[in-house]
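Student: Next up is a structure, given as structure tokens.
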Amino acid sequence: YARNFSNVDNITGDGSAAAAVFDAGLFGAYVQDEFQVNDNLKLTLGIRMDVPFFDETPVNNTFNTEAIPEIEAEGYDLKGAAVGNFINSQATFSPRFGFNWDVNGDRSLQLRGGAGIFTSRVPLVWPGGAYNNNGQNLGFVDENDFDAIFRPDVNNQPGTIDPTVQSGNIDLFAEDFRVPQVAKFNIAGDKRLSNGWILTLDALWTKTIHAVSVQNVNVGQSVGNLTGTGDNRPIFNRGDEVVQSNNYGRISLTSNTGRGYAYNFSSTLTMPMTNGFQGSVSYSYGDSFAVFDGTSSQNSSQWRGLHAIGGRNFDQALTRSNFSQGHRVIAQASYRFEYANNFATQIGLVYEGRSGSPFSYIYNDNGNLTSEDSRERNLVYVPQSADDIFLIDDASAGTAGEQWASLNSYIVNDPYLSTRRGQYAERNRNREPFTNIFDLRIMQEVLVNAGGKKHTLQITADIYNFGNLLNRDWGRRYFVPQDFQLLNFEGFLPDGTTPTFTFDGVDGNDPSDGNIDDSGLISSRWQGQIGIRYIFGGN
């Protein structure tokens with residue numbers, strides 16, 4: 016049973032004084048100049064300065080004198096963080112450089128590119144945690160021995176509430192915390208071919224300078240390791256918090272990491288309008304790697320979302336990002352023809368083919384395999400043989416031998432897992448199936464002479480995911496949970512450190528089986544719309 020409550024008034028609704036109220040701002044200035052070196056070469060230089068500031072100081076309390084010594088004694092470096100201290104206002108400088116070179120002076124070959132540093136605003140919900148989760152604003156009760164009967168009376172909930180006792184989650188920020196910042200490097204070229212077509216090549220590299228990094232410094236050191244198989248990851252005692260002086264939950268320390276990068280290569284071939292025809296085809300491949308993707312509104316959830324093997328606090332590995340693009344192909348073509356003096360028809364077709372989003376293989380364990388946290392994020396260990404995993408008989412999954420035969424077959428036929436025998440699966444190394452989508456547009460124009468002017472009536476018909484209109488099995492966008500639960504953790508052998516599992520199979524031996532995205536315009540169903548537009552002619 017867990018309950019949060021206001022520690023500064025007796026209001027339980029939205030009007031509570033426990034809400035985080037603070038002012039924040041960002042001062043920025045940018046200077047840029049262009050230099051025409053000669054007729055063919057232009058340079059651009061610029062520099063930006065940003066200074067974020069927070070003009071309210073979070074409340075101070077006894078956390079600093081009671082809890083910080085216990086945390087530091089556990090071996091954590093708080094990097095100057097304390098309740099009542101906050102992010103120092105530091106000027107961040109972002110220089111930029113760009114060039115555009117017409118190599119031959121006739122725009123037949125053009126090179127362009129540049130380099131620069133780019134600074135982001137920090138989502139205010141992150142620093143807002145320091146104003147809300149400070150031990151005094153919000154209280155917290157977390158008990159396991161209450162009667163589980165639901166009580167509908169909001170004023171008669173179980174647990175003893177004492178607003179004089181500091182409790183709840185704590186959000187800390189390192190003194191030298193910096194807002195997110197990256198460096199980008201780009202080079203591109205455009206070549207006009209002899210037939211008038213244009214070939215474009217583009218490369219982009221992005222390097223992380225400052226990104227968010229989070230630790231939960233209320234987690235004690237490992238109390239041992241798993242045994243019995245090749246999986247020897249550390250295990251923890253979830254109830255053994257570092258800070259014993261008060262009823263604190265997660266104590267999040269937010270600082271920075273400089274690890275992370277992304278890249279993208281693309282090429283485009285464009286055919287200009289020729290006898291009514293025009294078209295283009297583009298291919299790109301991109302990948303990105305990060306420690307934290309920064310997808311949560313809560314600082315503690317950034318930490319809870321990690322897939323570390325050796326513990327979330329100290330094994331913060333650089334892994335493939337949730338936003339890894341993979342392969343992508345975009346092609347479009349159209350044909351326009353005019354007839355009978357006053358009529359024109361245009362038909363256009365757009366194709367998009369792209370890699371699916373990445374996903375990870377994890378255990379269904381409610382965090383109980385390592386007991387570091389209650390969230391399921393433990394990447395699976397891929398057994399080498401039946402002796403490298405302890406499967407137990409299950410009424411629905413079958414005998415241990417039957418489960419192993421099924422699991423082994425699945426591993427053999429998975430292109431990634433089959434390469435990881437005797438190792439841990441890595442984060443986001445599998446992908447949803449490749450998708451292929453066609454969109455069709457037909458436009459009919461009627462030219463109308465009125466009052467000595469030519470007016471145009473356009474009637475359009477758009478069919479999104481045209482392939483699905485032709486065949487119900489085409490145009491499917493598949494969905495796989497970002498954390499796919501492959502094995503079920505069932506408990507430990509009597510030694511308390513050798514885990515047991517069950518494997519109840521994967522539908523169709525495919526994580527995407529039956530999981531079809533069907534929402535909005537980005538859907539596996541075809542959709543259509545009709546449009547009418549009237550254009551009044553000019554002089």
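The sequence shown begins at 16 in my numbering and counts up by one. Where is the CB? At the ideal position from N, CA and C, for every residue including glycine.
(1) Taking three-plus beta-carbon pairs below 8 Å as touching, is the segment 59-70 in contact with the segment 110-122?
(2) One question on the structure: do N233 and I266 come within less than 8 Å of each other, judged by their Cβ atoms?
(3) Considering only the beta carbon of each residue, do P514 and L241 sit closer than 8 Å?
(4) Excluding the 5 residues flanking A305 on each side, which residues of the same chain have their C-beta closer than 6 Å to its C-beta?
(5) Where in the segment 161-245 do unbroken runs of the beta strand (DSSP E), each at least 3 residues long, occur, reported from the N-terminal end onward?
(6) Could you tell me which of Q340, Q313, Y376 and D121 sits nearest to H322, measuring between CA atoms?
(7) Quick check on the burial criterion: 16 or more other C-beta atoms within 10 angstroms. Buried or exposed for N290?
(8) Under three-state DSSP, which class holds G144?
(9) Is DSSP giving P84 helix, strand or coil here?
(10) Can you tell me whether N210 is buried or exposed, with buried defined as 16 or more other CB within 10 angstroms of its CB?
(11) Out of A476, I324 and L508, point me to the one whose CA is closest to L364's CA.
(12) Could you check what DSSP says for R435 in three-state terms: helix, strand or coil?
(13) Given a threshold of 16 other Cβ atoms within 10 Å of its Cβ, counted over all protein chains shown, does R435 qualify as buried or as exposed?
(14) Measuring alpha carbon to alpha carbon, tell me which residue in S109, N119, D186 and F307 is nearest P142.
(15) Can you name the start and end residues of the alpha helix (DSSP H) that Y278 belongs to?
(16) Considering only C-alpha positions, which residue in the set A130, A145 and A226 is nearest to A198?
(17) Just to confirm, is the Cβ distance from S538 to R446 under 8 Å?
(18) Excluding the five sequence neighbours on either side, which residues of its own chain have a C-beta within less than 8 Å of the C-beta of L208, listed in chain order?
(19) Please name the residue in G511, F358 and F108 whose C-alpha comes closest to that of Q473.
(20) Please work out which residues of its chain come closer than 7 Å, Cβ to Cβ, to I362, disregarding the five sequence neighbours upstream and downstream, and give them in chain order.
(21) Rounded to the nearest angstrom, how far is the Cβ of R492 from that of T450, given a contact under 8 Å?
(22) In whole angstroms, give me the CA-to-CA distance for S389 and G326.
(23) For Q497, tell me which candidate among T310, V238, R193 and R127 has the shortest Cα-Cα distance.
(24) So, under 8 Å CB-CB, N171 and S315 are touching, yes? Tell me the CB distance rounded to an integer number of Å.
(25) L284 to G204, Cα distance in whole Å?
(26) Just reading off the alpha helix (DSSP H) that L93 is part of, what are its end residues?
(27) Quick check: what's the CA-CA separation for N55 versus V296?
(28) Which residues bound the beta strand (DSSP E) around A415?
(29) Among L462, T244 and Q340, which one has its Cα closest to the Cα of N356?
(30) Between T72 and F101, is the Cβ-Cβ spacing less than 8 Å?
(31) Would you mind reading off the limits of the alpha helix (DSSP H) that contains Q51?
(32) With a threshold of 6 Å on Cβ separation, who are the neighbours of M64 within its own chain once the five nearest residues in sequence on each side are excluded?
(33) Going by DSSP, what residues sit across from I324 in a beta bridge?
(34) Find the nearest neighbour of D117 within the set P173, F504, A82 and N53, judged by alpha-carbon distance.
(35) With distances taken from CA atoms, which of T517, Q500 and G552 is nearest S527?
Tutor: Inspection of the coordinates gives the following:
(1) Yes, the segment 59-70 touches the segment 110-122.
(2) Within the sequence shown, residue 233 is the residue found at index 218, counting from 1. Within the sequence shown, residue 266 is the residue found at index 251, counting from 1. Between N233 and I266, the C-beta spacing is below 8 Å.
(3) In the sequence shown, the residue the question calls residue 514 occupies position 499. In the sequence shown, the residue the question calls residue 241 occupies position 226. A distance below 8 Å separates the beta carbons of P514 and L241.
(4) On the sequence shown, position 290 is the one that residue 305 refers to. Cβ neighbours of A305 beyond the five flanking positions: G275 and S336.
(5) Listed in chain order, they are 182-188, 196-207 and 213-231.
(6) Against the sequence shown, residue 322 aligns to sequence position 307. Among Q340, Q313, Y376 and D121, the Cα nearest to that of H322 belongs to Y376.
(7) Residue 290 sits at position 275 when you count from the first residue of the sequence shown. Looking at its Cβ environment, which holds fewer than 16 other Cβ atoms inside 10 Å, N290 is exposed.
(8) Position 129 of the sequence shown, counting from 1, holds the residue named residue 144. Helix.
(9) Position 69 of the sequence shown, counted from the start, is the residue given in the question as residue 84. The answer is helix: DSSP assigns P84 an H, G or I state.
(10) Here residue 210 refers to the residue found at position 195 of the sequence shown. Label assigned to N210: exposed.
(11) On the sequence shown, position 349 is the one that residue 364 refers to. It is A476.
(12) Stepping through the sequence shown from its first residue, residue 435 is reached at position 420. Looking at R435 - three-state DSSP - the assignment turns out to be coil, as it is neither helix nor strand.
(13) Counted from its first residue, the sequence shown places residue 435 at position 420. Looking at its Cβ environment, which holds 16 or more other Cβ atoms inside 10 Å, R435 is buried.
(14) What you label residue 142 is simply residue 127 of the sequence shown in a count that begins at 1. Checking every option, the nearest Cα to that of P142 belongs to D186.
(15) Along the sequence shown, read from residue 1 onward, the residue named residue 278 stands at position 263. Here Y278 belongs to no alpha helix (DSSP H); instead the beta strand (DSSP E) covers Y276 to T289.
(16) The count along the sequence shown starts at 1 and reaches residue 198 at position 183. Of the listed residues, the one whose Cα sits closest to A198 is A130.
(17) Along the sequence shown, one-based indexing puts residue 538 at 523. Along the sequence shown, one-based indexing puts residue 446 at 431. If you check the CB distance, S538 and R446 do not come in under 8 Å.
(18) The residue labelled residue 208 in the question sits at position 193 within the sequence shown. Its chain contains L214 as the residues whose beta carbon lies nearer than 8 Å to that of L208, once the 5 sequence neighbours on both sides are disregarded; these appear in chain order.
(19) In the sequence shown, counting from the first residue as 1, residue 473 sits at position 458. With distances taken between Cα atoms, Q473 lies closest to F358.
(20) Sequence index remark: in the sequence shown, residue 362 carries index 347 (1-based). Cβ within range, chain order: S349, Y350 and I457.
(21) Residue numbering aside, residue 492 sits at position 477 when the sequence shown is read from its first letter. Residue numbering aside, residue 450 sits at position 435 when the sequence shown is read from its first letter. Cβ-Cβ separation between R492 and T450: approximately 5 Å, consistent with a contact (criterion under 8 Å).
(22) The sequence position of residue 389 within the sequence shown is 374, counting from 1. The sequence position of residue 326 within the sequence shown is 311, counting from 1. As the crow flies, the alpha-carbon of S389 is around 13 Å from that of G326.
(23) Taking the sequence shown and counting its residues from 1, one reaches residue 497 at position 482. Looking at the Cα atoms, T310 is the closest of the given residues.
(24) In the sequence shown, counting from the first residue as 1, residue 171 sits at position 156. In the sequence shown, counting from the first residue as 1, residue 315 sits at position 300. About 29 Å separates the CB atoms of N171 and S315; that is not less than 8 Å, and the two are not in contact.
(25) Within the sequence shown, the letter at position 269 stands for residue 284. Within the sequence shown, the letter at position 189 stands for residue 204. C-alpha separation (whole angstroms): 12 Å.
(26) Here residue 93 is taken as the residue at index 78 of the sequence shown, counted from 1. Note, L93: premise wrong, no alpha helix (DSSP H); not H, not E.
(27) As a first step, residue 55 is located in the sequence shown; it is residue number 40 there, counting from the start. As a first step, residue 296 is located in the sequence shown; it is residue number 281 there, counting from the start. If I take the Cα positions, the gap works out to 28 Å.
(28) For the purposes of this step, residue 415 is taken as residue 400 along the sequence shown, with counting starting at 1. Element bounds for A415: not the beta strand (DSSP E) but the alpha helix (DSSP H), A415 to N428.
(29) For the purposes of this step, residue 356 is identified with residue 341 of the sequence shown, where counting begins at 1. For N356, the nearest C-alpha among the options comes from L462.
(30) Here the question's residue 72 lines up with position 57 in the sequence shown. Here the question's residue 101 lines up with position 86 in the sequence shown. Less than 8 Å divides the Cβ of T72 from the Cβ of F101.
(31) Along the sequence shown, read from residue 1 onward, the residue named residue 51 stands at position 36. Not the alpha helix (DSSP H): Q51 falls in the beta strand (DSSP E), residues A39 to Q51.
(32) Stepping through the sequence shown from its first residue, residue 64 is reached at position 49. Excluding residues within five positions, the ones whose Cβ falls inside 6 Å are A44, A106 and F108.
(33) Here residue 324 refers to the residue found at position 309 when the sequence shown is read from its first residue. DSSP lists no partner for I324.
(34) Locating residue 117 in the sequence shown gives position 102, where the first residue counts as 1. Considering only alpha carbons, the answer is N53.
(35) Sequence index remark: in the sequence shown, residue 527 carries index 512 (1-based). Nearest of T517, Q500 and G552 to S527, Cα basis: Q500.
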